[in-house]
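Peer 1: Okay, handing you the structure first.
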Amino acid sequence: MTEHTNQGSQPPSSQADHERVTESVGGSIAMRSDEVLDWPRRIHRFFHANPTAAPAIVLIAAVLAFSLIAGERFLTPFNLSLVLQQVTIIGALGVAQTLIIMTMGIDLSVGAIMVLSSVVMGRLAVDFGLPPSMALVLGLVCGAACGAINGTLVTRIKLPPFIVTLGTWNIFFSLNLWYSNSQTIRSQDIESIAPLLQWAGNSFTLFGARITFGSLMMIALVGLVWYALNWTAWGRHVYATGDDKDAAELAGIRTQRVLMSVYIVAGVICGLAAWLMIGRIGSVSPQVGTMSNLDSITAVVIGGTSLFGGRGSIVGTLIGALVVGIFRNGLALAGVDVLWQEFTVGLLILVAVGIDQWIRRASA
Amino acid sequence: MSQQTPVLQAKGLIKRFGRVTALDGADFELYPGEVLAVIGDNGAGKSSLIKALSGALVPDAGEIRMNGELVQFKNPMHARSLGIETVYQTLAVSPALGIADNLFLGRELRKPGILGSVFRMLDKAEMRRQATEQLSQLGLLTIQNINQAVETLSGGQRQGVAVARSAAFGSQVVILDEPTAALGVKESRRVLNLIRDVRDRGLPVVLISHNMPHVFEVADRIHIHRLGKRAAVITPDSHSMADAVGIMTGAVEVDAA
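Chains X and S, in that order, give the protein sequences. Just add 119 to wherever you are in the first sequence, counting from 1, and you've got our numbering. Just add 4 to wherever you are in the second sequence, counting from 1, and you've got our numbering.
This is the structure in structure tokens:
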């Protein structure tokens with residue numbers, strides 16, 4: 120009501136608006152958003168309303184910067200498609216992680232679920248001779264079951280998600296070592312017995328860019344989850360549950376069910392990521408990708424999703440994964456040591472969280 | 005007024021938590037078209053009473069009737085499906101969601117046809133339209149952006165959104181729990197006007213409040229709760245605020261109504 124008006128930047132029409140509003144206020148609660156704002160506040164409001172704007176700007180700036188630094192080797196369709204391949208698995212895991220973080224949780228077990236699911240797929244198809252399609256489905260079921268275990272511990276036993284997934288991370292990883300006998304299933308074996316499992320590794324070339332089916336599947340996954348979050352009641356309920364669980368409960372949302380569904384969906388997505396991973400590396404290894412839980416959290420955070428729940432977007436996570444990929448790739452091409460790549464990613468995380476804190480202050 | 009059938013009625017409600025008796029044979033009547041205020045000291049059991057009436061708490065004994073018919077609320081959703089809407093003081097809305105999203109939270113509308121039935125697609129345009137209509141009916145107009153996040157609104161505006169939601173979906177009763185407790189003078193005034201608007205649209209309102217001037221300004225009758233039961237029902241005309249406080253604290257004895 121009593122916003123500070125900045126005479127200098129006042130648009131011509133605001134005087135009339137102001138009178139209209141003053142008239143209509145009398146006695147009722149007038150809601151309006153047409154105060155004349157100064158620039159910092161306008162910027163704040165813009166970022167507040169568009170959570171993907173900040174990471175998108177960083178992505179564009181990074182591409183421009185590395186085009187100048189690393190030159191022609193960086194800005195080629197082939198190199199950029201390589202970056203997309205490199206972020207495919209983290210992108211998919213990031214989608215699962217975003218759903219969990221959106222509900223004010225965190226999932227340390229996504230990487231372990233992925234590896235366990237990939238071992239299940241590989242063992243069932245190669246060692247037990249199940250039809251590849253059935254092995255694939257059972258791998259996804261394994262992911263769903265792992266998610267259901269996490270979800271049950273969070274919603275029924277009411278343990279904090281961090282602790283639950285710290286525990287199940289270790290458990291799933293041990294199961295994975297046990298079930299695989301700590302042995303890698305060779306790429307040639309999968310290729311001859313269950314080529315379906317490597318399907319995501321197939322690619323085609325477009326204007327010099329080498330695009331894998333896996334990358335497209337990851338992007339399709341982002342699109343699908345984006346739709347579910349923004350255009351279905353389930354998505355609204357996920358946001359509301361993460362935003363303020365008690366308020367959502369009082370509004371009639373069965374928040375425990377929503378949480379449970381989120382953990383199961385995240386588990387299935389980890390199973391999909393397992394398929395993408397087999398496509399990318401060809402073989403099934405119980406040792407690979409177990410640290411990707413932290414990389415997925417990095418992508419989510421840089422993508423502008425708040426660790427405090429209720430705020431964020433799937434598209435932001437894809438952008439966050441791409442930002443990390445672009446930085447790693449660009450710095451490597453510029454001849455920078457790997458340790459400074461990690462250093463830069465660390466800086467990016469801190470900056471992203473700092474920006475999130477600022478944006479979260481609703482009425483700054 | 006007492007010849008009418010109460011919209012919502014309770015008789016002899018009892019609720020114990022271990023050794024604490026929160027409701028000790030509480031009675032309650034809400035008649036059509038009135039604003040009934042419920043006041044009482046802290047710990048008098050008024051929130052237990054309200055929870056029992058909104059389905060959030062199942063009493064150990066006693067009966068609840070709606071329009072004369074016996075009902076047993078299993079949970080808040082059940083009470084809501086029967087037309088009882090409750091607005092809670094602090095937990096009224098989901099801050100990061102927009103106004104329209106909040107109005108329809110938990111009962112979203114889907115698009116007609118295959119988009120809605122198979123793809124579960126929300127009908128955002130229709131929800132926006134209905135939300136705008138609802139808010140303008142209650143005089144909460146001049147919203148520029150119905151998708152504006154609720155956290156960018158003032159406390160009174162948020163309360164307004166919550167009341168609008170209850171008025172839109174409550175077909176029988178609207179229960180407001182301390183709607184003005186966190187608000188300034190000006191915003192409180194607007195919420196009080198809003199309460200009258202809701203009543204004038206034919207919905208009876210139960211108002212729980214600590215604020216005596218607000219209660220005396222807007223209520224038609226005042227239910228005074230003390231020691232887990234109804235101590236008296238007065239009207240702003242029959243008694244003064246000092247009388248009400250006296251009854252609340254037990255300093256003044258009255259025959260139970």
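Glycine is no exception: its CB is placed at the ideal position from the N, C-alpha and C atoms.
Going residue by residue through the stretch 92-142 of chain S, where are the continuous alpha helix (DSSP H) segments of at least 4 residues, counting only ones entirely within it?
Peer 2: Complete alpha helix (DSSP H) runs here, min 4: 103-107, 118-121 and 128-141.
Peer 1: Can you list, in chain order, the residues of its chain with a C-beta nearer than 7 Å to that of X/L235? Leave out the 5 residues immediately preceding and following it.
Peer 2: Numbered from 1 along the first sequence, position 116 holds the residue referred to as residue 235 of chain X. Excluding positions up to five away in sequence, the list reads C261, C265, F291, L294 and N295.
Peer 1: Taking Cβ positions only, does X/W350 come closer than 8 Å to chain S?
Peer 2: For the purposes of this step, residue 350 of chain X is taken as residue 231 along the first sequence, with counting starting at 1. Yes, X/W350 counts as interfacial toward chain S.
Peer 1: Under a CB-based cut-off of 8 Å, is X/R161 close to chain S?
Peer 2: To locate residue 161 of chain X, count along the first sequence from 1; it is residue 42. For X/R161, the answer is no, since every Cβ of chain S falls outside 8 Å of its Cβ.
Peer 1: If we define contact as Cβ-Cβ less than 8 Å, is S/G188 a contact residue for chain X?
Peer 2: Taking the second sequence and counting its residues from 1, one reaches residue 188 of chain S at position 184. So no, S/G188 is outside the interface.
Peer 1: Would you give the residue range spanned by the beta strand (DSSP E) that S/K19 belongs to?
Peer 2: Reading the second sequence from its first residue, position 15 is the one you call residue 19 of chain S. Run containing S/K19: L12 to F21, per the beta strand (DSSP E) assignment.
Peer 1: Closest by CA to X/N321, which one among X/G473, X/G401, X/Y382 and X/S432?
Peer 2: Reading the first sequence from its first residue, position 202 is the one you call residue 321 of chain X. For X/N321, the nearest C-alpha among the options comes from X/G401.
Peer 1: Output the distance between the C-alpha atoms of S/N151 and S/R162, rounded to the nearest integer angstrom.
Peer 2: On the second sequence, position 147 is the one that residue 151 of chain S refers to. On the second sequence, position 158 is the one that residue 162 of chain S refers to. Looking at the two C-alpha atoms, the distance is approximately 13 Å.
Peer 1: Using the C-alpha atoms, what's the distance from S/A26 back to X/T141?
Peer 2: Within the first sequence, the letter at position 22 stands for residue 141 of chain X. Within the second sequence, the letter at position 22 stands for residue 26 of chain S. Confidence at X/T141 is low in this model, with a pLDDT of 36, below 50, so its placement is unreliable and the value that follows should be read with caution. Cα-Cα distance, rounded: 47 Å.
Peer 1: Tell me X/M336's beta-bridge partners as DSSP assigns them.
Peer 2: Numbered from 1 along the first sequence, position 217 holds the residue referred to as residue 336 of chain X. Note: X/M336 sits in no beta bridge, so no partner.
Peer 1: Here's the rule I'm using: 16 or more other beta-carbon atoms within 10 Å means buried, otherwise exposed. How should X/Q216 be labelled?
Peer 2: Start at 1 with the first residue of the first sequence, and residue 216 of chain X comes out as number 97. Flag for X/Q216 reads buried.
Peer 1: Taking only beta-carbon atoms, is S/S51 less than 8 Å away from chain X?
Peer 2: Along the second sequence, one-based indexing puts residue 51 of chain S at 47. Closer than 8 Å: no.
Peer 1: Compute the beta-carbon to beta-carbon distance between S/G16 and S/A65, rounded to the nearest angstrom, for a pair I have assumed lies under 8 Å.
Peer 2: The residue you call residue 16 of chain S lines up with position 12 of the second sequence. The residue you call residue 65 of chain S lines up with position 61 of the second sequence. That pair is a contact at about 7 Å.
Peer 1: How many Å lie between X/G342 and X/G241 at the Cα?
Peer 2: Here the question's residue 342 of chain X lines up with position 223 in the first sequence. Here the question's residue 241 of chain X lines up with position 122 in the first sequence. Their Cα atoms are separated by approximately 28 Å.
Peer 1: Could you run through the stretch 72-99 of chain S and flag, in chain order, every residue whose CB is less than 8 Å away from some CB of chain X?
Peer 2: The stretch 72-99 of chain S vs chain X, Cβ under 8 Å: P80, M81, R84, T90, Y92, L95, A96, V97, S98 and P99.
Peer 1: Can you tell me where the beta strand (DSSP E) holding S/D181 begins and where it ends?
Peer 2: Numbered from its first residue, the second sequence carries residue 181 of chain S at position 177. Looking at the DSSP string, the run of the beta strand (DSSP E) that includes S/D181 is V177 to D181.
Peer 1: For chain S, find out if any of its Cβ atoms is closer than 8 Å to the Cβ of X/L218; answer yes or no.
Peer 2: Here residue 218 of chain X corresponds to residue number 99 of the first sequence, with the count starting at 1. X/L218 does not count as touching chain S.
Peer 1: Run the CB neighbour count on X/R161, radius 10 Å, all protein chains shown included, and call it buried at 16 or more, exposed below.
Peer 2: For the purposes of this step, residue 161 of chain X is taken as residue 42 along the first sequence, with counting starting at 1. With fewer than 16 Cβ atoms within 10 Å of its Cβ, X/R161 is classed as exposed.
Peer 1: By alpha-carbon positions, which one of X/W297, X/P196 and X/T222 ends up nearest to X/W353?
Peer 2: If you number the first sequence from 1, residue 353 of chain X lands on position 234. The option with the nearest alpha carbon to X/W353 is X/T222.
Peer 1: Can you tell me whether S/M252 is buried or exposed, with buried defined as 16 or more other CB within 10 angstroms of its CB?
Peer 2: The residue labelled residue 252 of chain S in the question sits at position 248 within the second sequence. S/M252 should be labelled buried.
Peer 1: Is there a Cβ from chain S that is less than 8 Å from the Cβ of X/Q134?
Peer 2: For the purposes of this step, residue 134 of chain X is taken as residue 15 along the first sequence, with counting starting at 1. Summary for X/Q134: the model assigns pLDDT 40, below 50, so the residue's position carries little reliability, and this model does not support an answer.
Peer 1: By the criterion of Cβ-Cβ separation under 9 Å, what are the contact partners of X/A180 in chain S?
Peer 2: Residue mapping note: residue 180 of chain X aligns to position 61 of the first sequence, counting from 1. Here the premise fails: no neighbours, minimum Cβ distance about 27 Å.
Peer 1: Please name the residue in X/A244, X/R192, X/Q302 and X/T274 whose C-alpha comes closest to that of X/V377.
Peer 2: The sequence position of residue 377 of chain X within the first sequence is 258, counting from 1. Ranking the options by Cα distance to X/V377, first place goes to X/T274.
Peer 1: Leaving out the 5 sequence neighbours to the left and right, which residues in its chain are closer than 7 Å to X/A135 when beta-carbon positions are compared?
Peer 2: If you number the first sequence from 1, residue 135 of chain X lands on position 16. The predicted position of X/A135 is uncertain, since its pLDDT is 40 and thus under 50; a value taken from the coordinates is nonetheless stated next. Within the same chain, X/A135 has no close Cβ partners at all.
Peer 1: Could you check whether X/L315 and X/P405 sit closer than 8 Å to each other, using their CB atoms as the reference points?
Peer 2: Residue 405 of chain X sits at position 286 when you count from the first residue of the first sequence. Residue 315 of chain X sits at position 196 when you count from the first residue of the first sequence. Not in contact: X/P405 and X/L315 (Cβ atoms no closer than 8 Å).
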